[in-house]
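Enquirer: Per my numbering, residue 295 is the first one in the sequence shown, and the count goes up by one each step.
Take a look at this one; I'll ask things after.
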Amino acid sequence: MVEVCGHRGCAGIEPENTMRGFKKAIESGAEYVGADVRMTKDKELVLIHDSSVDRTTNGHGPVRSYEMKELLTLDAGRNERIPNLLELYYLMKQTGIKVELEIKEPDTVKSIISFVRKQKISDMVILSSLWHDILKGIKEKHPGLVTGAVLLCRPVDPVSLAKDCGVDYLLMNCEYVDEDLVYECHSNDIRLIVNADFPEDILRMIRLGVDMINTDYPDIAVEIRERLRKPR
295 MVEVCGHRGC
305 AGIEPENTMR
315 GFKKAIESGA
325 EYVGADVRMT
335 KDKELVLIHD
345 SSVDRTTNGH
355 GPVRSYEMKE
365 LLTLDAGRNE
375 RIPNLLELYY
385 LMKQTGIKVE
395 LEIKEPDTVK
405 SIISFVRKQK
415 ISDMVILSSL
425 WHDILKGIKE
435 KHPGLVTGAV
445 LLCRPVDPVS
455 LAKDCGVDYL
465 LMNCEYVDED
475 LVYECHSNDI
485 RLIVNADFPE
495 DILRMIRLGV
505 DMINTDYPDI
515 AVEIRERLRK
525 PR
């Protein structure tokens with residue numbers, strides 16, 4: 295069965311990377327939520343996509359210029375606050391939701407891995423990144439961790455890229471995915487997480503047999519998936 299991941303929680307409906315959004319994705323029936331990790335001035339791991347707070351909050355300036363207590367004074371939308379990784383962990387333990395955790399900054403890797411191992415959630419987390427060399431290093435040192443390479447386009451040989459990095463997943467937009475790619479990846483024990491928001495794209499990806507749909511609208515993806523599972 296294809297799994298559903300709520301992109302940045304439930305970014306098409308709720309403020310992104312907020313507890314409200316993560317909870318909404320869980321209510322929708324998603325198996326995963328996606329979150330982005332950065333670090334504050336006082337070395338706290340927080341969930342925010344951009345290096346600056348400007349786009350997603352009423353604040354200004356780099357995330358790194360704020361201490362955690364200062365970030366908590368900002369409105370991340372609908373009176374939500376920027377959560378830290380520990381808050382998401384508590385939600386994982388309460389609900390069983392799994393997490394696709396994107397590493398946004400190379401110098402956070404040790405702290406993120408330490409957190410995952412300390413909390414014993416290796417089986418509930420996919421560590422993803424655009425930094426493929428970092429993923430390779432993670433897999434070499436911690437082969438038990440699950441990793442995924444984020445791709446901004448379709449490389450000439452995605453399977454070779456995945457094997458070189460040692461990743462378990464490739465993550466890419468739906469326009470780069472076709473039947474041949476799905477077959478090639480699965481034949482080499484590589485799984486595909488595909489970004490798709492429009493119903494027709496979600497439907498096409500499910501029919502192609504991708505492993506996970508990463509979407510701003512997990513409620514729609516779950517509804518389409520369940521509709522396809524019903525006997526006619």
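Just so you know, even glycine gets a beta-carbon here, dropped at the ideal spot from N, CA and C.
None of these values were measured; they are calculated from a predicted model.
Hey, E374 and D330: beta-carbon distance below 8 angstroms or not?
Expert: Against a cut-off of 8 angstroms, the Cβ pair of D330 and E374 comes out as no contact.
Enquirer: Since Y326 and K392 are thought to touch, with beta carbons under 8 angstroms apart, how far apart are those beta carbons, to the nearest angstrom?
Expert: About 5 angstroms separates the beta carbon of Y326 from that of K392, a gap short enough to meet the 8 angstroms contact definition.
Enquirer: Is T367 near the ligand ATP, in the sense that its beta carbon is under 7 angstroms from a heavy atom of that ligand?
Expert: The ligand ATP is not among the ligands present in this structure, which contains no ligands whatsoever.
Enquirer: Using 10 angstroms around the beta-carbon of S527, count the other beta-carbons present and answer buried if the total reaches 16, otherwise exposed.
Expert: Since the first and last residues shown for the chain are 295 and 526, residue 527 lies out of range.
Enquirer: Can you give me the C-alpha to C-alpha distance between P512 and G328, rounded to a whole angstrom?
Expert: 11 angstroms
Enquirer: Based on Cα-Cα distance, which residue from H343, L382 and L366 lies nearest to R314?
Expert: When the alpha-carbon of R314 is set against those of H343, L382 and L366, the nearest one is in L382.
Enquirer: So does the region 357 to 364 actually touch the region 307 to 322, counting three or more Cβ pairs closer than 8 angstroms?
Expert: no
Enquirer: Hey, M362 and D336 are a contact pair by Cβ (cut 8 angstroms); roughly how many whole angstroms apart?
Expert: 6 angstroms
Enquirer: Less than 8 angstroms between the C-beta atoms of L486 and D505, yes or no?
Expert: Yes, the Cβ-Cβ distance between L486 and D505 is below 8 angstroms.
Enquirer: On a CA-only basis, which of L439, C447, L446 and I428 is nearest D458? Give me that one, please.
Expert: Of L439, C447, L446 and I428, the residue nearest in Cα terms is I428.
Enquirer: Enumerated in chain order, which unbroken segments of the alpha helix (DSSP H) with a length of 4 residues or greater are wholly contained in the region 327 to 411?
Expert: 362 to 365 and 379 to 389
Enquirer: K470 bridges to which residues according to DSSP?
Expert: Here residue 470 turns out to be Tyr, not Lys, going by the sequence shown. Residue pairing of Y470 in beta bridges, as defined by DSSP: absent, with no partner found.
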